[in-house]
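As they're listed, the protein sequences go chains B and F. Quick note: the first sequence uses my numbering, first residue 1227, plus one each step. Quick note: the second sequence uses my numbering, first residue 1227, plus one each step. From the three backbone atoms N, C-alpha and C, an ideal C-beta is built for every residue, glycine too. Computed from a predicted model, the values in this text were never measured in an experiment. Remarks on the structure that follows.
Protein chains: 2
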Amino acid sequence: MGLEPESTVVGFIGTGVMGGSMAERLLRAGFRLLVHNRTPGRAQPLLAAGAGWREDPGAVAAESDIVLTMLGYPQDVAEVYAGTGGLLESARPGTYLVDMTTSKPSLAERIWRDAHGRGLHALDAPVSGGASGAREARLSIMVGGEPADFEVVRPLLERLGPRVVLQGGPGAGQHAKLCNQIALASAMVGVCEALAYARRTGLEPARVLQSMEAGAAASWALSHHGPRMLAGDFEAGFYVKHFLKDMGIALESAEEMELDLPGLELARMLYQQVEEMGLGNAGTQALFALWDDEEDDDPPPELVQLGRR
Amino acid sequence: MGLEPESTVVGFIGTGVMGGSMAERLLRAGFRLLVHNRTPGRAQPLLAAGAGWREDPGAVAAESDIVLTMLGYPQDVAEVYAGTGGLLESARPGTYLVDMTTSKPSLAERIWRDAHGRGLHALDAPVSGGASGAREARLSIMVGGEPADFEVVRPLLERLGPRVVLQGGPGAGQHAKLCNQIALASAMVGVCEALAYARRTGLEPARVLQSMEAGAAASWALSHHGPRMLAGDFEAGFYVKHFLKDMGIALESAEEMELDLPGLELARMLYQQVEEMGLGNAGTQALFALWDDEEDDDPPPELVQLGRR
Chain B
1227 MGLEPESTVV
1237 GFIGTGVMGG
1247 SMAERLLRAG
1257 FRLLVHNRTP
1267 GRAQPLLAAG
1277 AGWREDPGAV
1287 AAESDIVLTM
1297 LGYPQDVAEV
1307 YAGTGGLLES
1317 ARPGTYLVDM
1327 TTSKPSLAER
1337 IWRDAHGRGL
1347 HALDAPVSGG
1357 ASGAREARLS
1367 IMVGGEPADF
1377 EVVRPLLERL
1387 GPRVVLQGGP
1397 GAGQHAKLCN
1407 QIALASAMVG
1417 VCEALAYARR
1427 TGLEPARVLQ
1437 SMEAGAAASW
1447 ALSHHGPRML
1457 AGDFEAGFYV
1467 KHFLKDMGIA
1477 LESAEEMELD
1487 LPGLELARML
1497 YQQVEEMGLG
1507 NAGTQALFAL
1517 WDDEEDDDPP
1527 PELVQLGRR
Chain F
1227 MGLEPESTVV
1237 GFIGTGVMGG
1247 SMAERLLRAG
1257 FRLLVHNRTP
1267 GRAQPLLAAG
1277 AGWREDPGAV
1287 AAESDIVLTM
1297 LGYPQDVAEV
1307 YAGTGGLLES
1317 ARPGTYLVDM
1327 TTSKPSLAER
1337 IWRDAHGRGL
1347 HALDAPVSGG
1357 ASGAREARLS
1367 IMVGGEPADF
1377 EVVRPLLERL
1387 GPRVVLQGGP
1397 GAGQHAKLCN
1407 QIALASAMVG
1417 VCEALAYARR
1427 TGLEPARVLQ
1437 SMEAGAAASW
1447 ALSHHGPRML
1457 AGDFEAGFYV
1467 KHFLKDMGIA
1477 LESAEEMELD
1487 LPGLELARML
1497 YQQVEEMGLG
1507 NAGTQALFAL
1517 WDDEEDDDPP
1527 PELVQLGRR
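In structure tokens:
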């Protein structure tokens, strides 16, 4: 069975910053789309573009051939999948359930087992690439699940990003995504410290960025977040609060494996300080606020605004 | 005055892993090349390719229009420039002296002042991009000095890498390079921890790399060092001991400015552990040895070999 746009109903639950852009891509590709979001207002642009609204996740699942979920926290995932009127209870046998939230590997395994027992196909498929990656269909998608299920959903996922890799069985997509977050966390610390040093020493930080982008310090984090940090633009592509969630899951999992991750521990501690500054709803580039000398006396409007949310 | 290959004698002091490749580029571009290296054997390939040997830095400088230096530590730079029979004493007025070593900004300023007083043109121009960047002329070159001097040497430097940026006055190239090393240090920690997590959790690390390279964790450090870490290939492009030197300079400078760089402090502590394992002469990717489970009982040949150097 192929999931061709003309004959496939796609359910999409969680139409926030990331999910909204991803759902829009699928809608534009010609899929029939049914959506649900905890905050209905955020689904409005999709409805205006032709998506159908359903009052709860179960109602979406009951009419869909494949349901994609892009939620906030593992507890949201557990609720949407396993709760009363949830996806597992409401989906018709044979339906594909793909959780693209960054969540716990053990939860992904549990969902897979429950789904399997009901004749459903579950996969975990978290993504990386930020809000711009979602908008421009340049996400990296890390999948865990059964190879046969992967082959069915792969063409649809490839519409959201060119690199869709099966990392292993159920939960493996989540583990791979945690690896991604582990590398990213320390990279973000490095970018902040480099720019803080540049600014403090009187260099023109934008010019230093130019040099760094062409050498061994080049990174997505540097090119994507560096200019925003310097501009004091902390608008969220990816929330501080969600990054903290990811780091917490990774550290918990590492602890279970007796694996020391001091860089990740440090990054989490620093991001916790950012959250305590009231910046949990800012983008991850707000880490720079910890080093931003110029905030000391007179915080820029963005900071104040985000702090008040 | 332009530094055209056919009419310019280039002196090159320090023909190690980086300097050797850079000097070879200039030789192949048609410059007449005079070289000196503390360990003469390492200059042999250049001599075989047509470079001239001189017994000391001063003898190189006395016959050169421009002298490039690529040394190990600030004390080496101080000695080669300011020592008896050094570059400052021996160069003819009007000569360009370009230090491409990663060294102390304050030393670069001091050399510039001394050079200026003698009618010499000094610039600091450290590079980033590793051994492969040097071999393939893809270095990022960060320059500090006077704009007029920069314009004279720029075309020559552009033969070593496409991005040559004047970062400011004397010492600014060094400060920019320290920014680069600050970002890189934490990035390396993140790459190691991500791959260690991948391996420990039973994923195929090479496949995780594939996914990470396409998302927000993408970096030069990941793509360049990740595969080497996984292969246990710790051959030096850039030495652990030199990276430690750079981190030390950056931390000292940060301390003077009362700037906290906890990520850099952590990275230095971890790299110090690597050096204590006997891996100071390994490449910076040897940081992964701290997490490499498989080394515990049976170190691979590379590790043992490097440890014995």
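Do you know how far the Cα of residue j is from the Cα of residue i?
i	j	result
B/Leu1259	B/Pro1396	26 angstroms
F/Arg1494	B/Phe1238	46 angstroms
F/Leu1456	F/Gly1509	14 angstroms
B/Arg1389	F/Tyr1322	49 angstroms
B/Ala1402	B/Met1483	15 angstroms
F/Glu1289	B/Ile1408	52 angstroms
F/Val1324	B/Val1415	32 angstroms
B/Leu1492	F/Glu1478	21 angstroms
B/Ala1443	B/Gly1452	12 angstroms
F/Lys1471	F/Tyr1299	7 angstroms
F/Arg1336	B/Ala1480	48 angstroms
B/Tyr1423	F/Cys1405	6 angstroms
F/Arg1364	F/Glu1377	20 angstroms
F/Leu1448	B/Met1473	19 angstroms
F/Ala1308	F/Ala1334	11 angstroms
F/Gly1428	B/Leu1485	13 angstroms
F/Met1438	B/Leu1410	9 angstroms
B/Glu1315	B/Val1306	10 angstroms
F/Arg1251	F/Val1243	13 angstroms
F/Ala1374	F/Ala1341	15 angstroms
F/Ala1362	F/Glu1430	Sequence check: residue 1362 of chain F is Glu here, not Ala. The straight-line gap from Cα to Cα measures roughly 31 angstroms.
F/Gln1301	F/Arg1385	28 angstroms
List the endpoints of the continuous alpha helix (DSSP H) containing residue i.
i	result
B/Asp1340	1331 to 1343
B/Phe1469	1466 to 1482
B/Ala1447	1446 to 1457
B/Gly1242	Taken as a continuous stretch (DSSP letters only), B/Gly1242 belongs to no alpha helix (DSSP H), as it is neither H nor E.
B/Leu1259	Here B/Leu1259 belongs to no alpha helix (DSSP H); instead the beta strand (DSSP E) covers 1258 to 1262.
F/Tyr1423	1398 to 1426
F/Ala1432	1431 to 1438
B/Leu1383	1373 to 1383
F/Leu1294	Element bounds for F/Leu1294: not the alpha helix (DSSP H) but the beta strand (DSSP E), 1292 to 1295.
B/Tyr1307	1300 to 1308
F/Arg1361	1356 to 1361
B/Ala1202	What the structure shows of chain B is the stretch from 1227 to 1535, and residue 1202 of chain B is not part of that stretch, so it cannot be assessed.
B/Pro1271	1270 to 1274
So the candidates are the options; which of them puts its Cα closest to the Cα of residue i?
i	options	result
B/His1450	B/Gly1242, B/Ile1475, B/Gly1359	B/Gly1359
B/Leu1253	B/Leu1392, B/Gly1399, B/Glu1502, B/Val1235	B/Val1235
B/Glu1232	B/Ala1480, B/Ala1255, B/Leu1314	B/Ala1255
B/Val1353	B/Thr1328, B/Asp1340, B/Gly1370	B/Thr1328
F/Pro1319	F/Leu1448, F/Gly1416, F/Leu1272, F/His1347	F/His1347
B/Ala1398	F/Phe1376, F/Arg1385, F/Arg1425, F/Ala1411	F/Arg1425
F/Gly1284	F/Ile1292, F/Asn1263, F/Gly1312	F/Gly1312
F/Ile1367	F/Ala1420, F/Gly1387, F/Arg1268	F/Gly1387
B/Leu1272	B/Glu1281, B/Ile1292, B/Gly1245, B/Met1296	B/Gly1245
F/Val1303	F/Leu1349, F/Pro1266, F/Gly1267, F/Ala1411	F/Leu1349
B/Ile1292	B/Gly1267, B/Phe1257, B/Thr1310, B/Thr1265	B/Phe1257
B/Gly1441	F/Ser1445, F/Gly1441, F/Met1438	F/Ser1445
F/Met1296	F/Ser1316, F/Ala1317, F/Asn1263, F/Asp1282	F/Asn1263
B/Gln1400	F/Ser1412, F/Pro1331, F/Val1434, F/Leu1383	F/Val1434
B/Leu1496	F/Glu1461, F/Leu1487, F/Glu1372	F/Leu1487
Looking at the unbroken beta strand (DSSP E) that takes in residue i, where does it start and where does it end?
i	result
F/Leu1492	Careful: F/Leu1492 lies outside any beta strand (DSSP E), inside the alpha helix (DSSP H) at 1488 to 1500.
F/Met1368	1366 to 1370
B/Arg1318	From DSSP, B/Arg1318 is part of no beta strand (DSSP E); its letter is neither H nor E.
F/Asp1610	A query on residue 1610 of chain F cannot be resolved here, the shown segment of chain F reaching from 1227 to 1535 and no further.
B/Gln1393	1389 to 1394
Who are the near neighbours of residue i in its chain, counting only those whose CB is closer than 7 angstroms to its CB and skipping five residues on each side?
i	result
F/Gly1356	His1450, Gly1463, Phe1464
F/Pro1527	Note that F/Pro1527 has pLDDT 42, beneath the 50 cutoff, so the model's placement of it is unreliable and the number below is only indicative. For F/Pro1527, where only same-chain residues beyond five positions count, there are no Cβ hits under 7 angstroms.
F/Gly1394	Gly1370
B/Lys1467	Glu1501, Gly1506, Asn1507
B/Val1391	Met1368, Val1369
F/Met1326	Leu1294, Thr1295, Met1296, Ala1351, Pro1352, Val1353
F/Lys1330	Pro1300, Gln1400, Ile1475
Report all residues from its chain with a CB closer than 8 angstroms to the CB of residue i; omit the five preceding and five following residues, and keep chain order.
i	result
B/Glu1230	none
F/Val1261	Gly1237, Phe1238, Ile1239, Thr1241, Ala1249, Ala1269, Leu1272, Leu1273, Ala1277, Gly1278, Trp1279, Arg1280, Val1286
I think residue i touches residue j, with their Cβ atoms under 8 angstroms apart; what is that distance to the nearest whole Å?
i	j	result
F/Ala1277	F/Ala1249	7 angstroms
B/Leu1490	B/Ala1476	6 angstroms
B/Leu1383	B/Ala1351	6 angstroms
I'd like the list of long-range same chain contacts for residue i, defined as Cβ closer than 6 angstroms, with 5 residues on each side in sequence excluded.
i	result
F/Trp1517	Cys1418, Ala1422
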